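My numbering puts the first residue of the sequence shown at -11, with every later residue one more than the last. Even for Gly, the Cβ is constructed at its ideal location relative to N, Cα and C. As the structure is a prediction and not an experimental result, all values here were calculated from the model. Heads up: the structure comes next, in structure tokens.
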Amino acid sequence: MTLDAAKLRREFPILDQLVNDEPLVYLDNAATTQKPQAVLDALTAYYQHDNANVHRGVHTLAERATHAYEGAREKVRRFINAKESAEVLFTRGTTTSLNWIAKSFGDAFVEAGDEIVISYMEHHSNIIPWQQLAARKQAKLVYIDVTADGFLDLEDARRKIGPKTKIVAIAHVSNVLGVINPVAELTQLAHENGGIMVIDGAQSTPHMPVDVQALDCDFYAFSGHKMCGPTGIGVLYGKRAWLDRMEPVEFGGEMIDFVNLYDSTWKELPWKFEAGTPNIAGGIALGAAIDYLTAIGMQTIHEYEQSLVDYALPKLLAIDGLTVYGPQDPAHHTGVIAFNLEGLHPHDVATALDMEGVAVRAGHHCAQPLLNYLKVPATARASFYFYNTKEDADRLVDAILATKEFFQHGPI
Ligand code: C6P
């Protein structure tokens, strides 16, 4: 199946604008993606027609809102192939999801001397909750190495995942190196050693098919805003076998069954974890985003983005003085491309690219341990989505060449 990116991008009103007098080329999709009209319409329609609190009222609007919100949960279930929608918890995003696992699973099951295995390429959101858990429980945090060519070192993983391992927590796709990690193999290794597997799916779920049952992971976390949905909504998938045995992280309205003076009981899954009025509009709009992505096809999106990388990466690598981090072979690199230009600070590069209408991110990308490991203080990063085109890649390359020219010789 083919994908008509030029046609699809017309469904994203924000992309149709000039930035610094140039047509916008948005290449900061790993930070957040833009929203199609269908998602904007779903948000507005909810507030215009159905706005009411969920799970409480019996009036028509309340029933409509509840139906749409729970319908969105079922869409998420289908999208990631969870066994049942009770295993799909709505959260604020990947960060909240990972914190919930560390707090709830960690407090219940991690003991002194246990090991939590992560890697050097994790996002801060998949590091700090484990640091905190390790400190609370006198557990040990263990880091899997990254190879010189930017892959997770599977040999090192085999050495480090062992009988003491309680949790393995790894990004499915790195937000800096753009590499897809062997999460199925790691899940198997974790299980063989009696541990659980947590996958940070922030950079994978928007770009490729995800099947949590096929992966057999215990938890999977992702954010709505990186997959055409709104900010403030995300998902924590967990196997029922664990969620049933875990305590909620937050307490209050919506999540209770009975409240007595000195103790209370919780609702069944998934609601026992969702205290307070949830992000109803966000959940419904995430459902609309899933409809939108599903209509294009996640495998189609994955293959299209791979074709963009096949096109863009060699052109970038051919620029004198430009270093790309992560695998140099387009076959192993996703649409997240971190790079530096010799002699220039990435913030200057990003500012110069912005002057050409090209939006990229610069900095440590919330992955300071990785950048320290790579011995670079910061990088620029271009990240593609299915609405980007080869022309966008050309604009990036041209803007980088113009930037080099500007800093070497001044304005023309
Ligand atoms: N990375 C980036 O520019 P939240 O902020 O909760 O939606 O997602 C956190 C997160 C967790 N894991 C990975 C691999 C991520 O890439 C992110 C978000 C953005 O790279 C913003 S820092």
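Cβ-Cβ distances below 8 Å link D199 to I68 and N69 in the same chain, with the five nearest sequence neighbours on each side left out; the list follows chain order. By the 16-neighbour rule on beta-carbons within 10 angstroms, P1 is exposed.
A distance of 8 Å or more separates the beta carbons of A74 and I272. By the beta-carbon neighbour count (other beta carbons within 10 angstroms, threshold 16), T339 is exposed. Nearest Cα to I388 within the set T322, A355 and L310: L310. With respect to V161, S192 sits close: the two C-beta atoms are nearer than 8 Å.
Annotated three-state conformation of D245 is strand, per DSSP. In the three-state reduction of the DSSP assignment, V186 falls in the strand class, which pools E and B. The beta carbons of A56 and Y35 sit no closer together than 8 Å. In the structure shown, G101 adopts coil according to DSSP, grouped into three states.
Per DSSP, the beta-bridge partners of I155 are I104 and I184. Here the alpha carbon of D133 sits roughly 53 Å from the alpha carbon of L49. For R66, the enclosing alpha helix (DSSP H) stretches over residues T48 to I68. Around the beta carbon of H335, fewer than 16 other beta carbons lie within 10 angstroms, which makes this residue exposed. DSSP lists S107 as the beta-bridge partner residues of I132. V27 is not a Cβ neighbour of Y225, given a cutoff of 8 Å.
Counting the other CB atoms within 10 Å of its CB gives T54 a total of 16 or more, which places it among the buried residues. Secondary structure of S371 (DSSP, three-state): strand.
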